[in-house]
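In this text, residue positions in the sequence shown follow the working numbering: the first is 121, and each later residue adds one.
Structure first, commentary second.
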Amino acid sequence: MEGLERRNNIKKLLTESVEPITGSRLAKTFSVSRQVIVQDIALLRAKGCKIISTSNGYMIYESKKEYTKLLAVKHTKEDIREELETIVDFGATIVNVMVIHPVYGEITANLMLSSRKHIDDFIKKLQKDESIPLMRLKNGEHYHLIKANNSKTLELVEKELEKKGFLI
């Protein structure tokens, strides 16, 4: 399969998938190395394809009528699951996590968590790799960009996080 045909097929797979697809899975599907997939993704992005990298793989970010809100939150590492589940249980998606570092400025990581399964996978990766969550860089203070299909969902999420003491 030639590069152009493979890239078209990658774009088609990502467009049709509701879940992120890992680079390893794409490499296996097309019988190429993961590095070839990384290069293909870069070329697709250069052509204007809105592919984002998340902790669970690649996905196409389609802009539909969505409402977003940036929330400033603070909690301990032990509260990560409760915070994230509170957001998705109301039907919102956690687009990213961001901290403002005194030296490096804004540090943002795409998450795209929209279900408890996504959260389980994310938490397992944190535990498996013994990774330090970005929030630890600022003593638990961080931001989440969340999105939903309506403003009421965002209001409900914000009220619940405030009730739980997570909002700054």
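Ideal Cβ placement from N, Cα and C applies to all residues, glycine included.
Because the structure is a prediction, the values reported are computed rather than measured.
Could you check the C-alpha separation between residue i and residue j for me, to the nearest Å?
| i | j | result |
| --- | --- | --- |
| R256 | E125 | 43 Å |
| K273 | G123 | The sequence shown places Thr at residue 273, rather than the Lys named in the question. The straight-line gap from Cα to Cα measures roughly 42 Å. |
| Q159 | I130 | 12 Å |
| G143 | Y263 | 27 Å |
| I180 | S235 | 17 Å |
| V219 | I227 | 5 Å |
| E278 | L265 | 12 Å |
| K245 | H238 | 11 Å |
| S153 | A147 | 5 Å |
| N128 | K248 | 34 Å |
| K284 | E202 | 9 Å |
State the DSSP-derived secondary structure class of residue i, mapped to helix, strand or coil.
| i | result |
| --- | --- |
| I180 | strand |
| E198 | helix |
| I288 | coil |
For residue i, is the classification buried or exposed, using 16 other Cβ atoms within 10 angstroms of its Cβ as the cut-off for buried?
| i | result |
| --- | --- |
| T213 | buried |
| A192 | exposed |
| R165 | exposed |
| H294 | For residue 294 there is no data in the structure shown, the boundaries of the chain being 121 and 288. |
| I141 | buried |
Indicate whether residue i and residue j have their beta-carbon atoms separated by less than 9 Å.
| i | j | result |
| --- | --- | --- |
| I207 | L254 | no |
| K189 | K267 | yes |
| S151 | L231 | no |
| F242 | L204 | yes |
| E139 | G177 | yes |
| T269 | G211 | The residue you asked about is not Thr; residue 269 is Asn in the sequence shown. A contact, by the Cβ cut-off of 9 Å. |
Does the CB of residue i have a neighbour CB from chain D at under 9 Å?
| i | result |
| --- | --- |
| D241 | No chain D appears in this structure, which consists of one protein chain only. |
Start-end ranges of the alpha helix (DSSP H) lying completely within the region 224 to 285, minimum 4 residues
Correct list: 236 to 248 and 271 to 283.
What ranges does the alpha helix (DSSP H) occupy inside the region 121 to 182, keeping only unbroken runs of at least 4 residues that lie completely in it?
As for any alpha helix (DSSP H) of minimum length 4 sitting wholly inside the region 121 to 182, the runs are 123 to 136, 143 to 150 and 154 to 166, ordered along the chain.
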